[in-house]
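This report refers to the structure that appears directly beneath it.
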Amino acid sequence: MSLEQKLEENTNAMLALKATIEKHAAALTGKPTKPEDIATVGAPAEEPAKRGPGRPKKDDAPAAPKVSFDEMKAAILKVKDAKGKAAAETIISDVGGAPKMAEIKPEKFAAVLAACEAALAPAPEPEKGGDDDL
């Protein structure tokens, strides 16, 4: 079988598939569809974002929980006591993005707190069994 015959078979199969999709889309929506509308059949129409009066306020979005400097500082001190000064300094520089704790920006407080909690979390115990043979 030649390449041209395979391409013709493939084209015919694609045209049959397109016709089937159009038929089912028309049955689902109750209205005929154009080929360019097939991708959006059944998808709700999106309204454009409101502009001007009546648009939602930016404050309507749920705010992330605020972490105070004191909460973050307490967490860093716990890491320092439990894991050492180097571990605390690593969190301050890598996660906080600052050379000193006092220079960490407020938007990074939550990330630093999460990193401290992760550092203080107990390490998972290795599974017993399969590694004994190594």
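Add 656 to a position in the sequence shown, counting from 1, and you land on the number used in the numbering used here.
All C-beta atoms, glycine included, are put in the ideal place defined by N, C-alpha and C.
Item, Value
"Which class does residue 665 belong to by DSSP, given the choice of helix, strand or coil?", "helix"
"What first and last residue would you give for the alpha helix (DSSP H) that runs through residue 735?", "725–739"
"Note the first and the last residue of the continuous alpha helix (DSSP H) segment covering residue 768.", "765–776"
"Could you compute how far the alpha carbon of residue 750 sits from the alpha carbon of residue 760?", "11 Å"
"State the Cα-Cα distance for the pair residue 662 and residue 668, rounded to the nearest angstrom.", "10 Å"
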